[in-house]
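I have placed the structure first, in the form of structure tokens, so that the comments after it can refer back to it.
Protein chains: 2
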Amino acid sequence: MGLAKTEIFTDLQNEIAVIAKAFGHPARVAILQHLFKMDTCVCGDLVSEIGLAQPTISQHLKELKLLGLIKGNVEGTSVCYCIDSENWTKMKAIISQFLDQDLSNKNCC
Amino acid sequence: MGLAKTEIFTDLQNEIAVIAKAFGHPARVAILQHLFKMDTCVCGDLVSEIGLAQPTISQHLKELKLLGLIKGNVEGTSVCYCIDSENWTKMKAIISQFLDQDLSNKNCC
DNA sequence: TTTGTTCATTGCAATATTACGATGAATAAA
DNA sequence: TTTATTCATCGTAATATTGCAATGAACAAA
């Protein structure tokens, strides 16, 4: 039905899924990488940097902002985006904990 | 259009997105967590463990298997799934590298 | 062989996602 | 004020995802 049955999963499982979903599109990965690469914040360079239309980039930025991974500040007519380092660190911890599960003698079958 | 323009992104960006997408559903997160928790492999316990119908679980397992995150071995009428530790390590490295980007003085705006 | 068990596959309905043109809001420059 | 620039939002088309009932395939037990 296109909609996940979130109510049957734990908060952590849902949280991991929501964060991972944000990374689940190459455009959002590219946006985040670019924001990391630039020492200072970037604005609509993202549109020319990545080859997608402006509304499309704007939509991806909105999702990342909604999740809290990035922040956006208005500067005149342009908007400056940057990584929200505090939230990034939190999310990284959640994902890392999931990825770092013990792999000892897990090569069964 | 519901379809990502993968051709305009780098291989790494697409790879990160594909892996993250696999983690982007709580059912798949739950499946992986369960496979990690069990010392030995699990089979269709996943269906009763997670509250989804058998075809739905089977479909999620298929995606995880296709990506290489898990392996499935037939044992009589049942199928035993487990983490593919080698591939898990590889994917973990790719995601970790993405998550570990430098955050120094990235609190602009 | 027949029956039951386990799992995969198919087909479908409901919803989500992606992408973009058109448009609007806000500000800066002329 | 007029015009240009930058970005967000709306509306919509195309496609993807999620979930399950129905069914099929493979095997084990009787």
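Residue numbers (the working numbering), protein chains in the order written: chain A, 400 to 508; chain B, 400 to 508. Here a beta-carbon is modelled for each residue, glycine too, at the ideal position from N, C-alpha and C.
Whole-number beta carbon distance between residue j and residue i, since they are thought to touch under 8 Å
i	j	result
Ser484(A)	Cys442(A)	The Cβ separation is near 18 Å, so there is no contact.
Ser495(A)	Leu498(B)	7 Å
Asn486(B)	Cys479(B)	Not really, about 17 Å apart at Cβ, beyond 8 Å.
Asn502(A)	Ile482(B)	The question names Asn, but residue 502(A) is Leu in the sequence shown. 7 Å between Cβ atoms; contact.
Ile415(A)	Val428(B)	5 Å
Val446(B)	Ile430(B)	In fact, because the Cβ distance is near 10 Å, the residues do not count as touching under 8 Å.
His459(A)	Ala426(A)	5 Å
Check: residue i C-beta below 6 Å from any heavy atom of the ligand PLP
i	result
Ile430(B)	Absent from the structure shown: the ligand PLP. Ligands present: none.
What ranges does the alpha helix (DSSP H) occupy inside the segment 428 to 488 of chain A, keeping only unbroken runs of at least 4 residues that lie completely in it? With a minimum length of 4 residues, the unbroken runs of alpha helix (DSSP H) contained wholly in the segment 428 to 488 of chain A fall at 444 to 448, 453 to 466.
For the segment 463 to 482 of chain A against the segment 418 to 434 of chain A, are there 3 or more C-beta pairs whose distance is under 8 Å? They touch, by the three-pair rule.
Using Cβ-Cβ distances below 7 Å, what residues of the segment 405 to 425 of chain A are close to chain B? Cβ contacts with chain B come from Thr405, Ile407, Phe408, Gln412, Asn413, Ile415, Ala416, Ala419, Lys420, Phe422, Gly423, His424, Pro425.
Using a Cβ-Cβ cutoff of 7 Å, what residues of the segment 467 to 486 of chain B are near chain A? List them in chain order. Listed in sequence order: Lys470, Asn472, Cys479, Cys481, Ile482, Ser484.
Can you find at least 3 beta carbon pairs, one from the segment 401 to 408 of chain A and one from the segment 446 to 456 of chain B, that sit closer than 8 Å? Output reads yes: the segment 446 to 456 of chain B touches the segment 401 to 408 of chain A.
Taking a cut of 9 Å between CB atoms, which residues from the segment 488 to 499 of chain B lie near chain A? Cβ contacts with chain A: Thr488, Met490, Lys491, Ile494, Ser495, Phe497, Leu498, Asp499.
Check each residue of the segment 439 to 454 of chain B: if its Cβ is closer than 8 Å to any Cβ of chain A, include it; give the result in chain order. If the cut-off is 8 Å between Cβ atoms, the segment 439 to 454 of chain B has Thr439, Cys440, Ile449, Gly450, Leu451 near chain A.
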